[in-house]
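Asker: Structure below; questions to follow.
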Amino acid sequence: MKMLLGLVKPTSGRASLLGTDVGAADFTHALRRTGALIEAPALYERLSARKNLELQALALGIAVDKKRIDELLELVDLSGRAKDKAGGYSLGMKQRLGIAVGLIGNPEIVVLDEPANGLDPAGIVEIRELLRRLPAMGTTVLVSSHQLAEVQQACDGLVVLAEGRLIAQGTTEEILRSHQTNAFIVRVDPVETSLIGHRLSNLDVNVIDEATGLVSVSLPDGWDGRTLNQALVAEDIFAFELAPEKVSLEEAFLTMTHPTATPALNGAAHVH
Amino acid sequence: MSTKSIARAEAFKIRSHRTPMVTAAVMFLAVLAPAAVLMFYTPSGPSAYSDAWSATYGLIGPLVAIVFGGWLLGTEYRQGTTKRMLTTEPRRMRALATKGAVGAGVLSVLLAATALTGWGAAWIVGNMNDISIAWNGRELLASGLFALAAGAVSFALSAITRSDSFAMVGSVALVLVLDPLLSLIPKIGDYTFVTAVSTLTDKVAGSVNVFAGPASLTVTSAVITTGAWFAAFIGGAAYLFSTRDV
Numbered sequence: 001m002k003m004l005l006g007l008v009k010p011t012s013g014r015a016s017l018l019g020t021d022v023g024a025a026d027f028t029h030a031l032r033r034t035g036a037l038i039e040a041p042a043l044y045e046r047l048s049a050r051k052n053l054e055l056q057a058l059a060l061g062i063a064v065d066k067k068r069i070d071e072l073l074e075l076v077d078l079s080g081r082a083k084d085k086a087g088g089y090s091l092g093m094k095q096r097l098g099i100a101v102g103l104i105g106n107p108e109i110v111v112l113d114e115p116a117n118g119l120d121p122a123g124i125v126e127i128r129e130l131l132r133r134l135p136a137m138g139t140t141v142l143v144s145s146h147q148l149a150e151v152q153q154a155c156d157g158l159v160v161l162a163e164g165r166l167i168a169q170g171t172t173e174e175i176l177r178s179h180q181t182n183a184f185i186v187r188v189d190p191v192e193t194s195l196i197g198h199r200l201s202n203l204d205v206n207v208i209d210e211a212t213g214l215v216s217v218s219l220p221d222g223w224d225g226r227t228l229n230q231a232l233v234a235e236d237i238f239a240f241e242l243a244p245e246k247v248s249l250e251e252a253f254l255t256m257t258h259p260t261a262t263p264a265l266n267g268a269a270h271v272h
Numbered sequence: 273m274s275t276k277s278i279a280r281a282e283a284f285k286i287r288s289h290r291t292p293m294v295t296a297a298v299m300f301l302a303v304l305a306p307a308a309v310l311m312f313y314t315p316s317g318p319s320a321y322s323d324a325w326s327a328t329y330g331l332i333g334p335l336v337a338i339v340f341g342g343w344l345l346g347t348e349y350r351q352g353t354t355k356r357m358l359t360t361e362p363r364r365m366r367a368l369a370t371k372g373a374v375g376a377g378v379l380s381v382l383l384a385a386t387a388l389t390g391w392g393a394a395w396i397v398g399n400m401n402d403i404s405i406a407w408n409g410r411e412l413l414a415s416g417l418f419a420l421a422a423g424a425v426s427f428a429l430s431a432i433t434r435s436d437s438f439a440m441v442g443s444v445a446l447v448l449v450l451d452p453l454l455s456l457i458p459k460i461g462d463y464t465f466v467t468a469v470s471t472l473t474d475k476v477a478g479s480v481n482v483f484a485g486p487a488s489l490t491v492t493s494a495v496i497t498t499g500a501w502f503a504a505f506i507g508g509a510a511y512l513f514s515t516r517d518v
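Encoded structure:
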């Protein structure tokens, strides 16, 4: 991310931002169309939120009126603390102000590096909701994060990197679908958990939690939830719940980067 | 991003922060304090009215310049705002030069304003005691130039060390520790930073700097030596600032 913004020089290869090579003569114009928040929010801590925004507008050479600053403060939910010094803000507030600073020039793209790092759950939700509002304003958001649950909820498209190499790219739905298995989570009476594997021996059954009667059933081709339910009923097993097993982005990522890992089934017993 | 907009932003930062305001206030108080004292006490001689504050100006000026010069860029490193600065103006040499130029301009205005204020206060108090106070512009200019040189070194050290406190301590150490130590070495001692700069400022003032003593270099050698010191400091700072990862 720093390389894209010209803060770190590449040892080899090339990077470009909005079609302009980093370090090229017109790179300044590409940066002019970009907002950024890299690692910790870069704020002048002795200045208020309003002054921080005014300063950035001044540096960019853009005429920003009070109304625009009020709108940005409203967007990041800092209107009530606009006159307080940024140094006294919580980390979540600083992150939101950092994003507002990045937005002051109406950028086409905002580059955010770990925007939810170090935030409490409420702060994470605030950042997520803020990020979701930006595309509606015509701004593309490029987020780098290790918090994959957050990425799954907030992002439309993904680029997965491992050890510096691209290992997957596509929409969030495509990547999740490519790792989706035809498996169902079934909750039955706890005494029946071991019966499923014995009676439906053609299916791959994993007991997830015997105490609550939770099992994962991998279905063969051509089977679906209805077929599974019919098979269970035919064996006098009546499920309380039956739902397709969802693959999380975290599980998909681990499968891509460590193909032998099966985090969802860690500790699960395998029954045939 | 034009140089003008970056310069305006730099001026905004200086105006909005406490350190430049406090150092400016200290400078004004320092040049006014002798006049305030002389309102209540009769000095031993007429020269005391101007000597008292111009000596203060000559001592406090470089210290204020060192604090301001170190703060100017060092505070960006301390707050982590260099990233913001360089994503706004990625042409690093231009960013550094603009910051340095704005800082030098502001410091020059402060030094000029405090020189006028100190002289004005001395003139008023002197006249109250029927003493005429002469304007010694050359001496004030020389003191101001020495302060600017000290500020430039501190600014350069902040880029090299990426720290405001290291820059300030380093600059004071250079003037108060390294320079006197180097001056103990025959021949080499003639080419220290303070000796070289003082030789030039003595020429401007038309008198001998009380702290550095009589000049041991010719003007030509002093110009070359001062140029070499600045090339090392400013050149090193510019090189590191423009090539280091942020």
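Going line by line, the protein sequences match chains P and R.
Just so you know, we're using the working numbering here: the first sequence kicks off at 1 and counts up by one.
Just so you know, we're using the working numbering here: the second sequence kicks off at 273 and counts up by one.
Yeah, the Cβ is synthetic: ideal placement off N, Cα and C, and Gly gets one too.
Helix, strand or coil: which one does DSSP assign to Gln95 of chain P?
Answerer: Here Gln95 of chain P sits in helix by DSSP.
Asker: According to DSSP, which residues form a beta bridge with Ala183 of chain P?
Answerer: Note: Ala183 of chain P sits in a beta bridge opposite P:Ser218.
Asker: Would Met93 of chain P be called buried (16 or more neighbouring beta carbons within 10 Å of its own) or exposed?
Answerer: Burial call: buried.
Asker: Kindly list the residues whose CB is nearer than 6 Å to the CB of Leu158 of chain P, restricted to its own chain and excluding five residues on each side of it in sequence; keep chain order.
Answerer: Answer for Leu158 of chain P: Thr172, Ile175, listed in chain order.
Asker: If distances are taken between C-alpha atoms only, which option among R:Pro458, R:Ser479, R:Ala477, R:Val449 comes closest to Val466 of chain R?
Answerer: Checked all of R:Pro458, R:Ser479, R:Ala477, R:Val449; the closest Cα to Val466 of chain R is R:Val449.
Asker: Closer than 8 Å between beta carbons: that is the criterion. Which residues of the region 358-381 of chain R meet it against chain P?
Answerer: Those would be Leu358, Thr359, Thr360, Glu361, Pro362, Arg363, in chain order.
Asker: Whether or not the region 43-59 of chain P and the region 98-114 of chain P are in contact is what I'm after, with contact meaning three or more pairs of Cβ atoms, one per stretch, closer than 8 Å; do they touch?
Answerer: Contact holds: three or more Cβ-Cβ distances are below 8 Å.
Asker: For Met256 of chain P, which option in P:Val160, P:Leu214, P:Val233 has the closest C-alpha, if you only look at C-alpha atoms?
Answerer: Cα-wise, what sits closest to Met256 of chain P is P:Val160.
Asker: Per DSSP, which residues does Gly13 of chain P bridge with? Please list them.
Answerer: Gly13 of chain P is not bridged to any residue.
Asker: Using 8 Å as the threshold, is the C-beta distance between Val217 of chain P and Ala183 of chain P below it?
Answerer: A contact, by the Cβ cut-off of 8 Å.
Asker: Along chain P, which residues have their Cβ under 8 Å away from the Cβ of Phe518 of chain R?
Answerer: It is worth fixing the name first, because residue 518 of chain R is Val in this sequence and not Phe. Those are Lys2, Leu7, Val8, listed as they occur along chain P.
Asker: Verify whether the separation of the beta carbon atoms of Ser248 of chain P and Gln169 of chain P is less than 8 Å.
Answerer: No, Cβ-Cβ distance for Ser248 of chain P and Gln169 of chain P is not below 8 Å.
Asker: Roughly how many whole angstroms lie between the Cα atoms of Gly6 of chain P and Gly19 of chain P?
Answerer: For Gly6 of chain P and Gly19 of chain P, the distance between alpha carbons rounds to 14 Å.
Asker: Can you tell me the Cα-Cα spacing of Ala431 of chain R and Trp325 of chain R, whole angstroms?
Answerer: Roughly 33 Å separates the two Cα atoms.
Asker: With a threshold of 16 other CB atoms inside 10 Å of the CB of Lys285 of chain R, please say whether the residue is buried or exposed.
Answerer: So Lys285 of chain R counts as buried.
Asker: On the DSSP bridge assignment, give the partners of Leu161 of chain P in chain order.
Answerer: BP columns for Leu161 of chain P point to P:Leu166.
Asker: Runs of 3 residues minimum, wholly inside the region 78-148 of chain P: which ones carry the beta strand (DSSP E) assignment?
Answerer: Taking only runs of at least 3 residues, the beta strand (DSSP E) segments lying wholly in the region 78-148 of chain P are 109-113, 140-144.
Asker: Is it the case that the Cβ atoms of Thr359 of chain R and Ala36 of chain P are separated by a distance below 8 Å?
Answerer: Yes, the Cβ-Cβ distance between Thr359 of chain R and Ala36 of chain P is below 8 Å.
Asker: Using 10 angstroms around the beta-carbon of Thr490 of chain R, count the other beta-carbons present and answer buried if the total reaches 16, otherwise exposed.
Answerer: Exposed, since its Cβ has fewer than 16 Cβ neighbours within 10 Å.
Asker: According to the neighbour-count rule (16 or more other Cβ atoms, all chains shown, within 10 Å of its Cβ), is Gln276 of chain P buried or exposed?
Answerer: Lying before the first or after the last residue shown, residue 276 of chain P is absent from chain P, which here runs from 1 to 272.
Asker: Within this structure, are the beta carbons of Leu97 of chain P and Leu43 of chain P separated by less than 8 Å?
Answerer: In contact: Leu97 of chain P and Leu43 of chain P (Cβ atoms closer than 8 Å).
Asker: Taking the beta carbon of Ser435 of chain R as the centre, do at least 16 other beta carbons fall within 10 Å, making it buried, or is it exposed?
Answerer: Buried: at least 16 other Cβ atoms inside 10 Å.
Asker: Short check: CB of Arg410 of chain R to CB of Val336 of chain R, under 8 Å?
Answerer: No, Cβ-Cβ distance for Arg410 of chain R and Val336 of chain R is not below 8 Å.
Asker: By the three-class DSSP mapping on this structure, what secondary structure does Ser322 of chain R have?
Answerer: DSSP places Ser322 of chain R in helix when its eight states are reduced to three.
Asker: Would you list the residues sitting across from Pro244 of chain P in a DSSP beta bridge?
Answerer: Per DSSP, P:Phe184.
Asker: For Lys371 of chain R, which residues from the same chain have a beta carbon less than 7 Å from its beta carbon, with the 5 sequence-adjacent residues on both sides left out?
Answerer: Same-chain partners within the cutoff: Glu282, Leu344, Leu345.
Asker: My guess is that Ala162 of chain P and Leu131 of chain P are in contact by the Cβ rule of under 8 Å, so how many angstroms apart are they, rounded?
Answerer: Not a contact, Cβ separation roughly 23 Å.
Asker: Check Leu417 of chain R in the structure and name its three-state DSSP category.
Answerer: Helix at Leu417 of chain R.
Asker: Quick check on the burial criterion: 16 or more other C-beta atoms within 10 angstroms. Buried or exposed for Thr253 of chain R?
Answerer: Because chain R spans 273 through 518 in this model, residue 253 of chain R falls outside it and cannot be assessed.
Asker: Using a Cβ-Cβ distance cut-off of 8 Å, determine whether Phe240 of chain P contacts chain R.
Answerer: Output row for Phe240 of chain P: interface = no.
Asker: Which chain R residues sit within Cβ distance under 9 Å of Lys306 of chain P?
Answerer: Only positions 1 to 272 of chain P appear in this structure, which leaves residue 306 of chain P out of reach.
Asker: Would you decide whether Met440 of chain R is buried or exposed? Buried here means 16 or more other CB atoms lie within 10 Å of its CB.
Answerer: When all chains shown are included, Met440 of chain R counts as buried.
Asker: Just the C-alpha distance for Asp189 of chain P and Phe253 of chain P, rounded to the nearest angstrom, thanks.
Answerer: So the alpha carbons of these two residues sit roughly 33 Å apart.
Asker: Using 8 Å as the threshold, is the C-beta distance between Thr275 of chain R and Arg350 of chain R below it?
Answerer: No, the Cβ-Cβ distance between Thr275 of chain R and Arg350 of chain R is not below 8 Å.
Asker: Lys246 of chain P: which of P:Ser201, P:Gly197, P:His198, P:His179 sits nearest, CA to CA?
Answerer: Answer by Cα proximity: P:His179.
Asker: Would you mind stating whether Thr328 of chain R and Ala308 of chain R have Cβ atoms separated by less than 8 Å?
Answerer: Not in contact: Thr328 of chain R and Ala308 of chain R (Cβ atoms no closer than 8 Å).
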